[in-house]
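Participant: Following this message is one structure expressed as structure tokens.
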Amino acid sequence: MSQTHFGFETVDERDKARRVRAVFDSVAPRYDLMNDLMSAGLHRWWKAYTVMVANPQPGQRVLDIAGGTGDLDLAIAPNVQPGGLVVHTDINETMLREGRDRLLDRGWALPTVVCDAERLPFVDGAFDLVTVAFGLRNMTHKELALREMYRVLRVGGKLLVLEFSKVAPPLQKAYDWYSFHVLPRLGRWVAGDEASYRYLAESIRMHPDQETLRRMMHDAGFGHVDVHNLTAGVVALHVGIKT
Numbered sequence: 000m001s002q003t004h005f006g007f008e009t010v011d012e013r014d015k016a017r018r019v020r021a022v023f024d025s026v027a028p029r030y031d032l033m034n035d036l037m038s039a040g041l042h043r044w045w046k047a048y049t050v051m052v053a054n055p056q057p058g059q060r061v062l063d064i065a066g067g068t069g070d071l072d073l074a075i076a077p078n079v080q081p082g083g084l085v086v087h088t089d090i091n092e093t094m095l096r097e098g099r100d101r102l103l104d105r106g107w108a109l110p111t112v113v114c115d116a117e118r119l120p121f122v123d124g125a126f127d128l129v130t131v132a133f134g135l136r137n138m139t140h141k142e143l144a145l146r147e148m149y150r151v152l153r154v155g156g157k158l159l160v161l162e163f164s165k166v167a168p169p170l171q172k173a174y175d176w177y178s179f180h181v182l183p184r185l186g187r188w189v190a191g192d193e194a195s196y197r198y199l200a201e202s203i204r205m206h207p208d209q210e211t212l213r214r215m216m217h218d219a220g221f222g223h224v225d226v227h228n229l230t231a232g233v234v235a236l237h238v239g240i241k242t
């Protein structure tokens, strides 16, 4: 029986997806508000930077994995028109519904699909761009998910992985204090859920650092991988090209 991590806890692989799903079922209604509070709004800049680097063009086909409440979809969709397509996906139905409703409220009826990034229901080479923002660290088999992202990209296509990463050493103590003392309290006061935000802090520490993730993307097949450290490494954007 294989085991993996759920935050700092060791769990059966088969149980991780269920527990991650429960986290996002709980936080979905307050997800956007909590993102603004816990990042002091910086998540909006990180995502805007990701879209700038992605440089979506009219007619392109884009797959957003772990799209949640649809921030990237809303930013990218206008740029691929006319003739383009953005597919909004997430493994968590509750988050996906929040995102679908938000997209519809903004006038975008995008294809919305509940799917597992480790088993994507799309043909080889179907997309010009694949994006995943703050979702990779929650996947049980990251290497399998990365291979699937590689598979569904066309040759020359681009994968953009925006994720929490390893902060610069001078900031480590302050960042740890904020993560383990402030974030859970914010979660309790605003979302009524301290445990999910403690999991968030723990999951960040268990996620591969910048260079490890770069190697994982190379191992998945990406011939060229750039790493952009944002906010002193609190977040990193990995950009892989399918050569």
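In numbering that gives the first Met the number 0, the protein residues as written are 0 to 242. Backbone N, C-alpha and C fix where the C-beta goes; we use that ideal spot for every residue, glycine too.
(1) Run the CB neighbour count on Ala167, radius 10 Å, all protein chains shown included, and call it buried at 16 or more, exposed below.
(2) Can the beta-carbon of Pro207 be found closer than 8 Å to that of Arg197?
(3) In chain order, what residues of the same chain have a beta carbon less than 8 Å from the beta carbon of Met33, not counting five sequence neighbours either side?
(4) One question on the structure: do Leu152 and Val181 come within less than 8 Å of each other, judged by their Cβ atoms?
(5) Rounded to whole angstroms, what's the CA-CA distance from Gly155 to Pro169? Just pull it up for me.
(6) Need the endpoints of the beta strand (DSSP E) that Ile203 sits in, please.
(7) Taking DSSP as the reference, what is the three-state secondary structure of Ile285?
(8) Which residue's Cα is closest to the Cα of Thr211: Ser164, Val113, Leu109?
(9) Please report how far the alpha carbon of Met216 lies from the alpha carbon of Ala76, in whole angstroms.
(10) Expressed to the nearest angstrom, what Euclidean distance is found between the alpha-carbon atoms of Ala108 and Arg99?
(11) Please report the straight-line C-alpha distance between Leu229 and Ala132, rounded to a whole angstrom.
(12) How would you call Asn91, buried or exposed, if buried means at least 16 neighbouring beta carbons within 10 angstroms?
(13) Pull the bridge partners of Gly239 from the DSSP assignment, please.
(14) In the DSSP assignment, what residue or residues form a beta bridge with Ile64?
(15) Closest to His42 by CA distance: which of Arg150, Asp225, Glu162 is it?
(16) Taking Cβ to Cβ, would you say Arg60 is nearer than 8 Å to Gly83?
(17) Report the three-state DSSP secondary structure of Arg153 (helix, strand or coil).
(18) Alpha helix (DSSP H) containing Thr211: first to last residue?
(19) Going by the beta-carbon positions, is the gap between Lys157 and Val238 smaller than 8 Å?
Facilitator: Looking at the coordinates:
(1) exposed
(2) no
(3) Val26, Leu185, Gly186, Val189, Ala190, Tyr196
(4) no
(5) 38 Å
(6) Taken as a continuous stretch (DSSP letters only), Ile203 belongs to no beta strand (DSSP E), being part of the alpha helix (DSSP H) at 193-205.
(7) For residue 285 there is no data in the structure shown, the boundaries of the chain being 0 and 242.
(8) Ser164
(9) 26 Å
(10) 8 Å
(11) 13 Å
(12) buried
(13) Leu158, Val224
(14) Val131
(15) Glu162
(16) yes
(17) strand
(18) 209-218
(19) yes
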